[in-house]
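Position 364 of the sequence shown, counted from 1, bears residue number 363 in numbering that gives the first Met the number 0, the numbering being contiguous throughout. We treat Cβ as the ideally placed atom computed from N, Cα and C, and that holds for glycine. Quick caveat: nothing in here was measured; it's all calculated off a predicted structure. See below for the structure under consideration.
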Amino acid sequence: MSSKKVWFENAIRNNYIKNFDYTKFENIKRIASGAFGTVYRANSLNLRKLVALKCLHEDAELFYEKFVKELTNILAVNNHDNIINFYGVSLDPSTEMYYLVLQFAKDGDLRTYLRNNFNILDWEIKIKMAKDITSGLYCIHEENIIHKDLHSKNILVHEGSLLITDLGLSQPLDTNSISMGGGMVAYADPEYLRSQMKKKRNKASDIYSLGVLFWELSCGRPPFNNFTSLEICRMVISGKREKPINGTPRDYINIYSNAWKDDPNQRPTIKNIFDSLENIKLENIYNSPNDNQEAYINNQSQASMDAFSKDSVSQASMDEFSKDSVSFSSSFTTSNWEEVTEVSQVSIENIKDHVPNQTLTNLANLEITGIDNSSIHENNLNISNIS
């Protein structure tokens, strides 16, 4: 018997984890499915409310390893107002399958919520949303855990509050294991993509994802949503980021622009971001006469290309790459982000000549670890909680 299975069974036997009688769930209905598992909605007679039941798609040995890993992460941050709540586990005797019993978020995932409600959200609400996500991630980082998969399908909306979910990929910061593939490419740390998914992700990786999420709150749509995963990967590696949206407070733009810097060492901590949001001023608004929805190069392009040169290609090929690319300014600061310039089309196209084909294929085929709740329309009762 594996150590994980022993730990799990002992935790239930000693009442460290509440064990729900599976027969006390009514109206069980599958609402979402992903690569690693399935989520069901059910009415709990014990709790007298709707809950989410999550199971994992694994063989017996891997099941306990992944199940216990997610349980451990959830228990470390449980009962925070901005993290999905964990109630216990339940065993279906007919299938011998264990389920996590989780809080049900009745308003669905953030991506779907923004698509359906963005026109009624003012900046006070958007800042409150940003604070909710930051507060949840603050708790996760304080427990020395990295999430590794923050995106708008792993943020749930429930009665006006945002909840971080999907801790299945998360791991303690001091683990020696190399990060597995996962997450949506548009939110992925460029350092991680540049390393061909071999570099360990850390708190700064979560901060990058948080910056992208903040931009999404300002726009109402996913980043680079008209591009394929492969194209997005090329752009993120090259330093390309979405441009500010007209009507956005400049303080807010500074926050997310710092968060998605290419150099992880230059990104703020979660506490820095939390404090910045507390002191944000909404009066100074960004408005550009040339506003459009095209993506623009971010301030970190030179650092991106320098690192890309060292990690992925020969210096000779980088010299050739430089001839075909726009020149990048290394003197950019957060105060002059309005002066960014658009990446030339040839610079994006030439990246594919200098990245191993297999790497690009792997990146393009990354598991999309959230569930696409946009396809679930059942009384607006959706949940996205798959790792």
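- Of all alpha-carbon atoms in Glu282, Tyr207 and Asp188, the one lying nearest the alpha-carbon of Lys198 is that of Asp188.
- Judged by pairs of C-beta atoms under 8 Å, the stretch 193-212 touches the stretch 251-265, as three or more such pairs exist.
- Measuring C-alpha to C-alpha distances from Leu136 to each of Lys4, Lys53 and Thr164 identifies Thr164 as the nearest.
- Close CB contacts of Tyr112 within its chain, under the 7 Å cut and outside five residues either way in sequence, are with Asp106 and Val156 (chain order).
- Sixteen is the threshold: when 16 or more other Cβ atoms of the shown chains lie within 10 Å of the Cβ of Pro243, as they do, the residue is buried.
- The three-state secondary structure of Met183, taken from DSSP, is coil.
- About 19 Å separates the Cβ atoms of Ile30 and Leu166, ruling out a contact at the 8 Å cut-off.
- With a cutoff of 8 Å on beta-carbon distance, Ile269 and His140 are scored as near each other.
- In the same chain as Tyr285, and ignoring 5 residues on each side of it, the C-beta atoms closer than 8 Å to its own belong to Pro243, Ile244, Asn245, Gly246, Thr247, Pro248, Arg249, Ile252 and Glu337, in chain order.
- Between the C-alpha atoms of Leu49 and Ser194 there is a straight-line separation of about 42 Å.
- Bridge partners of Gly36 according to DSSP: Leu55.
- Sixteen is the threshold: since fewer than 16 other Cβ atoms of the shown chains lie within 10 Å of the Cβ of Gln265, the residue is exposed.
- Ser151 has its alpha-carbon roughly 8 Å from the corresponding atom of Pro221.
- Counting only runs of 3+ residues, the beta strand (DSSP E) found wholly inside the stretch 86-166 occupies 96-102, 154-157 and 160-163, in chain order.
- Check the Cα spacing between Leu281 and each of Lys127, Ala203, Glu95 and Phe66: the tightest is with Lys127.
- With at least 16 other beta carbons inside 10 angstroms of its own, Leu192 counts as buried.
- Assignment of Pro221 by DSSP, reduced to helix, strand and coil, places it in the coil class.
- Contact between the stretch 12-20 and the stretch 83-95 is present: three or more C-beta pairs spanning the two stretches fall below 8 Å.
- Annotation: the continuous alpha helix (DSSP H) that includes Arg233 extends over Ser228 to Ser237.
- Leu44 is classed as exposed because its beta carbon has fewer than 16 other beta carbons within 10 Å across all chains shown.
- When the beta-carbon positions are compared, Ile279 and Thr133 stay at least 8 Å from each other.
- C-alpha of Glu64 to C-alpha of Ser2: approximately 9 Å in a straight line.
- Apart from sequence neighbours up to five positions away, the residues of its chain that approach Phe103 with a beta-carbon distance below 7 Å are Arg40, Leu49, Val50, Ala51 and Ile382, ordered along the chain.
- Rounded to whole angstroms, the separation of the alpha carbons of Ser275 and Leu229 is 34 Å.
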